[in-house]
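Quick note on numbering: the sequence shown equals residues 2 to 342 in our numbering.
Don't be surprised by glycine CBs; every beta carbon is placed ideally from N, CA and C.
These notes are about the structure you will find just below.
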Amino acid sequence: MRVEIYKLFREGPIVLHIGLRRMDRTSHLIHSDTLFSALSNSLFKIFDENKFKEFEEKLIISSVFPGLKGPSKDILFLPMPNIPLKLEEDKDHKKFKRFQWISWNGLKELLKNYDKDNEIIYLKTIENLKPMNSKFLISKEEYEELKEFREKDENIIFMETNLEPKVSIPRVPTISEERTQGLYFQENLEFFTITTSTGKKLKPFLYFLKTKDDSLNEIFIPALNLFIEEGIGGERSTGKGQFDFYEKDELDLPDDGDFEITLSLSSPRKEEVNNIIYFNLVKRDGFIYYQKPTGYRKKTHFKIGEGSLVRTPYRGENIDVSPIKDMRVISYGKSIGWKFS
Numbered sequence: 002m003r004v005e006i007y008k009l010f011r012e013g014p015i016v017l018h019i020g021l022r023r024m025d026r027t028s029h030l031i032h033s034d035t036l037f038s039a040l041s042n043s044l045f046k047i048f049d050e051n052k053f054k055e056f057e058e059k060l061i062i063s064s065v066f067p068g069l070k071g072p073s074k075d076i077l078f079l080p081m082p083n084i085p086l087k088l089e090e091d092k093d094h095k096k097f098k099r100f101q102w103i104s105w106n107g108l109k110e111l112l113k114n115y116d117k118d119n120e121i122i123y124l125k126t127i128e129n130l131k132p133m134n135s136k137f138l139i140s141k142e143e144y145e146e147l148k149e150f151r152e153k154d155e156n157i158i159f160m161e162t163n164l165e166p167k168v169s170i171p172r173v174p175t176i177s178e179e180r181t182q183g184l185y186f187q188e189n190l191e192f193f194t195i196t197t198s199t200g201k202k203l204k205p206f207l208y209f210l211k212t213k214d215d216s217l218n219e220i221f222i223p224a225l226n227l228f229i230e231e232g233i234g235g236e237r238s239t240g241k242g243q244f245d246f247y248e249k250d251e252l253d254l255p256d257d258g259d260f261e262i263t264l265s266l267s268s269p270r271k272e273e274v275n276n277i278i279y280f281n282l283v284k285r286d287g288f289i290y291y292q293k294p295t296g297y298r299k300k301t302h303f304k305i306g307e308g309s310l311v312r313t314p315y316r317g318e319n320i321d322v323s324p325i326k327d328m329r330v331i332s333y334g335k336s337i338g339w340k341f342s
């Protein structure tokens, strides 16, 4: 299946704060329903509501994942599949369980070892897979290509969380000074460039996939351009979640096979529930924002997380999470995935 890749860049470090219901935690990825909401809000600022029906029906996107722009080619990362893993050498088992991300080429190598009878990945050897650091797994070829970036450290680390000190100041003064302010820490996710002593750079970016549909470009591209200007996530006024430009590319996503690794947060149709094999549930809720805060909360619901294993066909669907009858609030739940046998 032909898909478009939209790579989001920033001249300096990319800093994100994607809330997890508390200030001292941030999500390590932007879910597809969050991306859909941001793009939809940009759409409403440019076009009338009649365009949204076409936008909702045709748009199929993934969640937002990290990537690296190297001297010769880009490395795209995907969530580590949620599939039980068995290694012939038990000493490497715990190390592999800690990996959260895997490159495209690494995933191709990993899925060659899928045992569909026992529904596990059985690795007799790990020669074709190498750790980039404790959370990222890449192919042997990619490991060799990044050799010059390991001149100072064996691990190449381009993504970290940091704690930013904040002081809370109430809007209404109180008598007690102890209640007027308090120190707290906010967790942010930061992506930064790796530079060698010779000046070569490994530049991080974020990207998402979109199924190719030229008929949607008339409304999607303007919405994307405004999205790039406005950003995503919390504290955008301080520069978080901001991007300077994007690059578009195309490639083929494997679309033939009996199994699929999900690459978006999905809501299965009733007839697809029995197709789910391995998964993690992600709780979704929060306040409704429609050009401005509405004061209403979405209905709490759960979705199938990225990296889950399902049987094909598996399409998912968008759902209405509005708490009131006369307001339609769509939560994105369509699936896009990596198929294999």
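Selected residue, minimal CA-CA separation from residue i, among the options
i, options, result
"Ile262", "Leu21, Leu138, Pro294 and Ser63", "Ser63"
"Arg237", "Val4, Asp118, Leu17 and Gly13", "Leu17"
"Ile289", "Ser323, Ser267 and Leu264", "Ser323"
"Ile170", "Ala39, Gly183 and Thr212", "Gly183"
"Ile305", "Arg298, Ser265 and Ser73", "Ser265"
"Pro132", "Glu146, Ile121, Phe100 and Asp116", "Phe100"
"Ile331", "Ser41, Lys8, Arg11 and Ile15", "Ser41"
"Glu145", "Gly71, Leu164, Tyr185 and Lys59", "Gly71"
"Glu165", "Lys326, Met328 and Thr27", "Thr27"
"Glu272", "Glu110, Glu318, Phe48 and Thr295", "Glu318"
"Ser267", "Lys326, Asp257, Pro255 and Arg285", "Arg285"
"Tyr7", "Ile47, Phe193 and Leu77", "Leu77"
"Phe280", "Tyr291, Ser309 and Tyr297", "Ser309"
"Val274", "Val311, Lys125 and Asp215", "Val311"
"Leu225", "Lys249, Gly235, Asn189 and Phe303", "Lys249"
"Asn156", "Lys201, Ile195 and Asn189", "Ile195"
"Glu143", "Lys117, Leu108 and Tyr123", "Leu108"
"Ile278", "Asp214, Gly20, Ser216 and Asn119", "Asn119"
"Ser140", "Thr126, Arg270 and Leu217", "Thr126"
"Phe209", "Ile61, Gly235 and Phe186", "Ile61"
"Pro14", "Glu161, Ile31, Asn134 and Lys335", "Glu161"
"Lys74", "Lys98, Pro205 and Leu190", "Pro205"
"Leu190", "Asn218, Gly240, Asp215 and Lys213", "Gly240"
"Leu44", "Asn218, Tyr123 and Glu188", "Asn218"
"Lys300", "Arg151, Tyr185, Ile320 and Pro255", "Ile320"
Whole-number beta carbon distance between residue j and residue i, since they are thought to touch under 8 Å
i, j, result
"Asp34", "Tyr333", "4 Å"
"Asn341", "Leu112", "Correcting the residue identity first, residue 341 is Phe in this sequence and not Asn. Right, their Cβ atoms sit about 5 Å apart."
"Phe137", "Trp105", "Phe137 to Trp105, Cβ: 12 Å. No contact."
"Gly258", "Gln243", "Not really, about 38 Å apart at Cβ, beyond 8 Å."
"Leu227", "Leu69", "That belief does not hold up - the Cβ atoms of Leu227 and Leu69 are roughly 27 Å apart, past 8 Å."
"Ile220", "Glu55", "7 Å"
"Leu282", "Val65", "20 Å between Cβ atoms; not a contact."
"Glu5", "Lys211", "5 Å"
"Glu251", "Lys201", "The Cβ separation is near 27 Å, so there is no contact."
"Ile122", "Asn114", "5 Å"
"Asp253", "Arg11", "28 Å between Cβ atoms; not a contact."
For residue i, the residue or residues it bridges with in DSSP
i, result
"Asp116", "Ile121"
"Gly20", "Thr27"
"His302", "Arg285"
"Tyr290", "Pro294"
"Asn263", "With the sequence shown as reference, residue 263 is identified as Thr, and Asn is not the correct amino acid for it. Answer is Gly338, bridged to Thr263."
"Phe137", "Trp102"
"Ser332", "Ile320"
Endpoints, alpha helix (DSSP H) assigned at residue i
i, result
"Glu145", "Lys141 to Glu146"
Limits of the unbroken beta strand (DSSP E) element including residue i
i, result
"Tyr7", "Arg3 to Phe10"
"Phe280", "First-last for Phe280: undefined, no H or E at that position."
"Val168", "Met160 to Ser169"
"Arg103", "The question names Arg, yet the displayed sequence has Ile at residue 103. Segment Trp102 to Ser104, the beta strand (DSSP E) holding Ile103."
"Leu130", "Leu130 to Pro132"
"Pro316", "At residue 316 the sequence reads Arg, which differs from the Pro that was named. Unbroken run through Arg316: none, as it is neither H nor E."
TODO: Counting only runs of 3+ residues fully inside the segment 181-247, write out the beta strand (DSSP E) ranges in chain order.
DONE: With a minimum length of 3 residues, the continuous beta strand (DSSP E) runs that stay inside the segment 181-247 are 183-192 and 202-212.
Task: In chain order, each beta strand (DSSP E) run of at least 3 residues that lies wholly inside the segment 41-99 - done: Considered as a whole, the segment 41-99 harbours 66-70, 75-80 and 86-88 as its complete beta strand (DSSP E) runs of no fewer than 3 residues, in chain order.
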